[in-house]
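Heads up, the thing below is written out as structure tokens.
2 protein chains.
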Amino acid sequence: MGQYAVIGLGRFGESVARSLMAMGHEVLAIDISEEKIQEIADFVTEAVRADAKNEEFLRSMDMAGFDAVVVSMAQDIEANILVTMQLKGLGAKYIVAKAQSQLHGEVLERIGADKIIHPEWDMGERIAHLLTSSRSIMDYIELSPHYSIFEFLSPQGFHGQSLGQLDLRAKYSISVLAVKRGEEIFIAPGGDFTFYEGDIIIAIGPKDIEGTLSQIG
Amino acid sequence: MGQYAVIGLGRFGESVARSLMAMGHEVLAIDISEEKIQEIADFVTEAVRADAKNEEFLRSMDMAGFDAVVVSMAQDIEANILVTMQLKGLGAKYIVAKAQSQLHGEVLERIGADKIIHPEWDMGERIAHLLTSSRSIMDYIELSPHYSIFEFLSPQGFHGQSLGQLDLRAKYSISVLAVKRGEEIFIAPGGDFTFYEGDIIIAIGPKDIEGTLSQIG
Ligand SMILES: Nc1ncnc2c1ncn2[C@@H]1O[C@H](COP(=O)(O)OP(=O)(O)OP(=O)(O)O)[C@@H](O)[C@H]1O
Ligand SMILES: Nc1ncnc2c1ncn2[C@@H]1O[C@H](COP(=O)(O)OP(=O)(O)OP(=O)(O)O)[C@@H](O)[C@H]1O
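Line order of the protein sequences matches chains A and B. 1 is the number of the first residue of the first sequence in our numbering; add one for each residue after it. 218 is the number of the first residue of the second sequence in our numbering; add one for each residue after it.
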């Protein structure tokens, strides 16, 4: 069981705090707003109303004792940077900081935040990718500039065919990793695996997989 | 080349608009704030200052002509719902709507939004997972209640060993999908692939993979 501190209970901070609690860890939640503290008090180990910019306050908490501290207030960039800076000075083991912009992210990197996240920005990029790919691509995660993991609906041209017959790796450099069929999941299917309509395929492929899929039909 | 409309240029909306432009598509950006419109005007096909709640305004734009419309203003839940509702009435082909909370998301689903996203909430869950897994897990994507795709640093116990020798699938149901070594990526490595220190492994495995990895050492 781990111990975590979450500073700032916006949509992101609240989600981190609740998820950590749901996994059985201890969470100290801090926010400047009394209302937010009231809302979350019953769901976390401890909830404290305070201005995290107040150096006395941060010193009074044993920040070095937590497995990680999450700085999840971002609109006030000055507060976010000062708090991250002070946590570093107090010996916090691991600091996750939410950034408001790419530039803000670079400052956080320089002052030693261990993980910097841009929830809205990253999600914006993913949505732009999902919108512009043919609707058949349901999700993707970038592996390298040229390859990604894609999750897509099995194209018409696959139905009734086996993985061996389709020879996807040799023809299109598509490597099928797993297939979801309803609740069942087939990991690393063999050459004799036959596709049905409605199968969801998870595969590694080149970035232009969409063009390939529409060719196969 | 597609045509997209983005209503609301917060961190998320701006990211969607800029990413779509970078991929060579056309983007109409709408925001109530003149300042936001000025900032983005040079980077999108067209930028219009307007209150999206104004029914006359939405009717005057050919919303049905866009491949997708993104409703990326979320703090004003009423505006977000009314705009989504009206877009549906105007025949928008595909609506992506940002939700402020789980409940708001349910309302959007009921009124017919095609894709509902919770950027901060989803990222909060991911961060909570990454924080509580041993630092060796760098990223993960859930496939089913029991399996996920994990990205992790090759454990000490793998170095100098081949995939065949380690026999990971039989022993631990871990299926190595790809290995990243610096800029290079090896897709679906064969049994003779030997691991080096610093390799990053992408594999499908059971949710308790962390316990397994620390056993291997
Ligand atoms: N100095 C501070 N000390 C403690 N809490 C603070 C401070 N400043 C802001 N907060 C709190 O941090 C939370 C998040 O604030 P902020 O608006 O900066 O984040 P945000 O990036 O918009 O959040 P999200 O997008 O996750 O909803 C709010 O609940 C706010 O009360
Ligand atoms: N009725 C409206 N018509 C057009 N634009 C609007 C309207 N209401 C708000 N906006 C704009 O939408 C943008 C995003 O607003 P909002 O604060 O709701 O989103 P947010 O969820 O906090 O954004 P993010 O987290 O992506 O930064 C702002 O730029 C705001 O000016």
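Ideal placement from N, C-alpha and C gives every residue a C-beta, glycine not left out.
From B:Val396, B:Ser371, B:Glu359, B:Ile247, residue whose alpha carbon lies closest to that of phenylalanine 260 of chain B
B:Ile247
Could you give the distance in angstroms between the alpha-carbon of tyrosine 140 of chain A and the alpha-carbon of arginine 59 of chain A?
43 Å
Considering only C-alpha positions, which residue in the set B:Glu326, B:Gly341, B:Met302, B:Met218 is nearest to aspartate 284 of chain B?
B:Met218
Report whether the distance from the Cβ of alanine 267 of chain B to the nearest heavy atom of ligand 2 is below 8 Å.
yes
Output the distance between the C-alpha atoms of isoleucine 366 of chain B and lysine 180 of chain A, rounded to the nearest integer angstrom.
Take the alpha-carbon of isoleucine 366 of chain B and the one of lysine 180 of chain A: they are about 13 Å apart.
For the region 168-192 of chain A, list every residue whose C-beta sits within 8 Å of some C-beta in chain B, in sequence order.
Arg169, Ser173, Ser175, Leu177, Ala178, Lys180, Glu183, Ile185, Ile187, Ala188
For leucine 307 of chain B, name the three-state secondary structure that DSSP assigns.
coil
Tell me whether phenylalanine 369 of chain B sits in a helix, a strand or coil according to DSSP, three-state version.
strand
Chain B residues whose Cβ lies nearer than 7 Å to that of glutamate 125 of chain A
Ser232, Ser236
Distance between isoleucine 216 of chain A and serine 431 of chain B (C-alpha atoms, nearest Å):
Each residue's alpha carbon lies about 43 Å from the other.
Could you pull out every residue in the same chain whose Cβ sits closer than 8 Å to the Cβ of isoleucine 328 of chain B, ignoring the five residues on either side in sequence?
Ile298, Thr301, Met302, Lys305
So does valine 300 of chain B have its beta carbon nearer than 8 Å to some heavy atom of ligand 2?
Because some heavy atom of ligand 2 lies under 8 Å away, the Cβ of valine 300 of chain B counts as near it: yes.
Between the alpha carbons of threonine 132 of chain A and alanine 113 of chain A, how many angstroms are there, rounded?
34 Å
Contact between the region 412-430 of chain B and the region 155-167 of chain A (3+ Cβ pairs under 8 Å)
In short, these stretches do not touch, since the Cβ pair count stays below three.
Is phenylalanine 195 of chain A helix, strand or coil by DSSP?
Three-state result, phenylalanine 195 of chain A: strand.
Using the three-state DSSP reduction, which class does histidine 363 of chain B fall into: helix, strand or coil?
The answer is coil: DSSP assigns histidine 363 of chain B none of H, G, I, E or B.
Using the Cα positions of lysine 115 of chain A and tyrosine 4 of chain A, report the straight-line distance between them to the nearest angstrom.
15 Å
Contact test: glutamate 337 of chain B Cβ vs ligand 1 heavy atom, cutoff 8 Å:
yes
From the beta carbon of aspartate 122 of chain A, is the nearest beta carbon of chain B less than 9 Å away?
yes
Mind reading off the beta-carbon distance from isoleucine 187 of chain A to tyrosine 364 of chain B? Whole number of angstroms is fine, and I expect it under 8 Å.
7 Å
Please identify, using Cβ separations under 9 Å, the residues of the region 358-372 of chain B that lie next to chain A, in order along the chain.
Ile358, Leu360, Ser361, Pro362, His363, Tyr364, Ile366, Glu368
In the DSSP output, what is glutamine 220 of chain B paired with across the bridge?
B:Glu243
Please classify isoleucine 117 of chain A: does DSSP put it in a helix, a strand, or coil?
Residue state, collapsed to three classes: strand.
Residues near leucine 347 of chain B in its chain [Cβ-Cβ closer than 8 Å; skip 5 each side]:
Non-local beta-carbon contacts of leucine 347 of chain B in its own chain, meaning distances under 8 Å to residues more than five positions away in sequence, involve Ile354, Met355, Asp356, Tyr357 in chain order.
Could you check if glutamine 382 of chain B belongs to the surroundings of ligand 2, using beta carbon to heavy atom distance under 8 Å?
no
Taking 8 Å as the cut-off, does the CB of aspartate 139 of chain A come closer than this to any heavy atom belonging to ligand 3?
Ligands present in the displayed structure are limited to ligand 1 and ligand 2, and ligand 3 is not among them.
Neighbouring residues, chain A, relative to valine 313 of chain B (Cβ below 9 Å):
From the beta-carbon of valine 313 of chain B, the residues of chain A found nearer than 9 Å are Ile127, Leu130, Leu131.
Taking all protein chains shown into account, decide if serine 15 of chain A is buried (16 or more other Cβ within 10 angstroms of its Cβ) or exposed.
buried
Using a Cβ-Cβ cut-off of less than 7 Å, list which residues of the region 233-262 of chain B approach chain A; keep chain order.
Val233, Ser236, Leu237, Met240, His242
Going by the DSSP bridge assignment, what does glycine 124 of chain A pair with across the sheet?
Bridge pairing for glycine 124 of chain A: absent [DSSP].
CB of glycine 91 of chain A within 9 Å of CB of alanine 99 of chain A, strictly:
no
When we look at the beta-carbon of methionine 23 of chain A and count the other beta-carbons within 10 Å, is it buried (16 or more) or exposed?
exposed
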